[in-house]
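Notes to accompany the following structure.
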Amino acid sequence: MNSKQAAYPYLMWTVVFIAVPLGLIMYFAFTDMQGSLSMDNLIRAGRYSSVFIKSIWLAAVSTALCLIIGYPVAYLMSRMQGIGSRTLLMLLMLPMWMNFLLRTYAWMTLLENNGIINHMLGFLGIGHLNMINTQGAVVMGMIYNYIPFMIIPLHSVMVKIQNDVMEAAQDLGAGPREVFTKIVLPLSKPGIKTGVMMVFVPAVSTFIISQMLGGGHNQLIGDIIEMQFLGNAYNPNLGSAISLVLMLLVLMCMSVSGFLDDEGVEERLL
Amino acid sequence: MKWYSKTYIGVFLAFLYLPIMTLIIFSFNDTKGRTFTGFTIKWFVQLFHDAAALDALWTTIVVALVSSVIATIMGTAAAIGLEKMDTKLKAVVMNLTYIPIINPEIITGVSFMLLFVTAKKWLATMGIDFQFGWATLILAHITFNVPYVILNVLPKLRQLDQSLVEAAMDLGCNPMQAFLKVTIHEIKSGIVAGFLMSLTFSMDDFVVSYFTTGAKHQTLSVMIYAMTKKRISPEINALSTVIFIAVLAVLVSVNLLERRNEKRLKQGSLKWKGGAAR
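Quick mapping for you: the protein sequence lines, in order, are chains A and B.
Going by this note's numbering, the first sequence opens with residue 49, and the numbers climb by one from there.
Going by this note's numbering, the second sequence opens with residue 1148, and the numbers climb by one from there.
Spelled out as structure tokens, the structure:
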């Protein structure tokens, strides 16, 4: 038996379940309801440019905050040893394994107008704050849900930085600032790249977080797509056109950041 | 560690756990409100008598198991074949393999929906009734699971010492026997890791399931989504508590097992060293 043949069932599978569905998105994007060629959908998709910009902006803000908050956590974890680091890693993974919807729902109950945070604020004599259905709530939800995707790749590159290297730099006269900018930061760059992509892609395309925490007037591009397929606005042709634009956008971000070109893509995706 | 580092980690963990802990605390709350009025377990009783919830749990488990088993078999076979393929075709297939991983989930979900809607129309013209349900869920889940199996198995195959396989064949194994007796043992850890990853991704998935589920059977995630639309439903809190405890139990036992294995390995090597010294 030729062992190449072992891959044939999967080859067929990729064609039917990966290539054809993507082809269908293209087909639907460039045709109208009757199936004749049309550019209308793409033109109509262009009308949602403000939603696209808002999605990119909120996702970018969340990604930046995830990096700023998560970087020290990953670094401190990487300098710990034995039981401490293992327990901490487990504590970090635990919420990640909880259902995504439950985690977002938890924030809903916290941020609501008659929610728990407002109850406590009232108790302390501070009047209530309007937190739910704001952009801030959406960013909060994105950070909470996706920050483990930032910390885990950062941690996995940082554990490889040996203390010896940092000590050598110190011996040669580098202060803490220089040790950071000349040793830690450059060596953790691959982790930053992966983390940024792993947070940005789900954040820019989410529809759950914006729906649950953003209310009706904070719709993101994911919500618009969802509405075209399963909502009242049923229009798979327009939905496909918007999906196509979103897909190209994500691919563009990835190629700009160089996420896909160098070696080790496999490791980074796991 | 310095005190400010400890504080930082502490504050971060509080941020991670505060929302989950409030869900858990309120799953024991007597009333539906946002203030704690009294202890009860009635929401748990209600949850375990909810036929829809139990059906969703069953669907989630069946879909996860079936799709992970098929994905593991197909993915392992694919990795073995890909390893032997010429680089050009391999590159094409690998690029297709990355697509479900790097594409936004919503696009994967939508593309499956288009595929199944088209298939449904097409089959209807031939008089075959095709409905969204377990089949569509399983097909979709297999597709997003296979890449993880391949990515886990390929590096193990690359590390595999080809001379071991050749030695087995020199000793009279045919290629199939050599595969079953040598290769499979060498790549076992990758296969298991791929399977477990598939299982967790499948059980946790919402977006793809949302676009491919039928009217009859829902997965747990899709059911939770419907529940969140009602805003206040204490059953969700109860479900969170159950899931949290299940996840905690799995993680702790995996951790303990690992630690015990490590200890045994260490002890084993110590004993061996002691024996050699004597």
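Glycine included, C-beta positions come from ideal geometry on N, C-alpha and C.
Nothing here was measured: the structure is a model prediction, and the numbers come from that model.
Requested in this report: Compare the Cα-Cα distances from Ser-288 of chain A to each of A:Val-64, A:Met-60, A:Phe-78 and A:Ala-67 and report the closest residue.
Outcome: A:Phe-78
Query raised in the report: Candidates B:Thr-1187, B:Ile-1253, B:Leu-1229 and B:Ile-1217: which alpha carbon is nearest Ser-1356 of chain B's?
Result: B:Ile-1253
**Report entry** Presumed contact (8 Å Cβ cut-off) between Leu-278 of chain A and Val-1240 of chain B, rounded CB distance
**Finding:** So it is not a contact: roughly 32 Å between Cβ atoms.
Query raised in the report: Of the choices A:Gln-267, A:Phe-148 and A:His-176, whose alpha-carbon is the least far from that of Leu-159 of chain A?
Result: A:His-176
Query raised in the report: For Phe-1259 of chain B versus Thr-1244 of chain B, is the C-beta distance shorter than 9 Å?
Result: no
Query raised in the report: Which ranges does the alpha helix (DSSP H) cover as unbroken runs of at least 4 residues, wholly within the region 1285-1349 of chain B, from first to last along the chain?
Result: 1309-1317 and 1322-1325
Requested in this report: Could you tell me whether any Cβ in chain A is nearer than 9 Å to the Cβ of Gly-1228 of chain B?
Outcome: yes
Query raised in the report: From A:Ile-104, A:Ser-97, A:Gly-130 and A:Phe-100, pick the residue whose C-alpha is nearest to that of Lys-1410 of chain B; which is it?
Result: A:Gly-130
**Report entry** Cβ-based burial, His-1332 of chain B [other Cβ within 10 Å; buried from 16]
**Finding:** exposed
Report task. Output yes if chain B places a C-beta closer than 9 Å to the C-beta of Ser-98 of chain A; else output no. Result -> no
Requested in this report: Report the rounded CA-to-CA distance for Ser-1174 of chain B versus Leu-296 of chain A, giving the unit in angstroms.
Outcome: 43 Å
Query raised in the report: Among B:Gly-1180, B:Ala-1340, B:Met-1370 and B:Leu-1298, which one has its Cα closest to the Cα of Thr-157 of chain A?
Result: B:Gly-1180
Query raised in the report: Who are the near neighbours of Asn-1384 of chain B in its chain, counting only those whose CB is closer than 6 Å to its CB and skipping five residues on each side?
Result: Leu-1170, Phe-1173 and Ser-1174
**Report entry** Collapsed DSSP secondary structure at Asn-266 of chain A in the structure displayed
**Finding:** coil
Report task. Establish whether the CB of Val-1329 of chain B and some CB of chain A are separated by less than 9 Å. Result -> No, no contact with chain A.
**Report entry** Secondary structure of Phe-1186 of chain B, DSSP reduced to three states
**Finding:** strand
Requested in this report: Sort A:Met-206, A:Arg-225 and A:Ile-231 by Cα distance to Ala-216 of chain A and report the nearest one.
Outcome: A:Ile-231
Query - the region 1265-1273 of chain B in contact with the region 262-276 of chain A per 3-pair CB rule at 8 Å - result: At 8 Å Cβ cutoff, the stretches do not touch.
Query raised in the report: Per DSSP, which one or two residues make a beta bridge with Asn-1176 of chain B?
Result: B:Phe-1186
Report task. Check the Cβ-Cβ distances between Pro-69 of chain A and every residue of chain B, and say whether any is below 9 Å. Result -> yes
Query raised in the report: Since Ser-110 of chain A is in the alpha helix (DSSP H), which residue starts that stretch and which ends it?
Result: 97-126
Report task. Report the partner residues of Thr-157 of chain A according to the DSSP bridge assignment. Result -> Paired residues: none, contrary to the question.
Query raised in the report: Taking just the CA atoms, how far does Ser-84 of chain A sit from Gly-1256 of chain B?
Result: 25 Å
Report task. Give me the Cβ distance between Asp-1177 of chain B and Gly-1185 of chain B, rounded to the nearest whole Å; I'm assuming they're in contact under 8 Å. Result -> 4 Å
Requested in this report: Report the three-state DSSP secondary structure of Leu-1165 of chain B (helix, strand or coil).
Outcome: helix
Requested in this report: Please check if any C-beta of chain B sits within less than 9 Å of the C-beta of Met-206 of chain A.
Outcome: No, Met-206 of chain A lies away from the interface with chain B (no Cβ there is under 9 Å from its Cβ).
**Report entry** Through-space distance from Leu-150 of chain A to Met-190 of chain A, alpha-carbon basis
**Finding:** 14 Å
Query - Ala-54 of chain A and Ala-1199 of chain B closer than 9 Å at C-beta - result: no
Query raised in the report: What runs of the alpha helix (DSSP H), each 4 residues or longer, lie entirely inside the region 194-262 of chain A?
Result: 211-219, 224-227, 237-252 and 256-262
Requested in this report: State yes or no: is the C-beta of Ala-1393 of chain B within less than 9 Å of the C-beta of His-1288 of chain B?
Outcome: no
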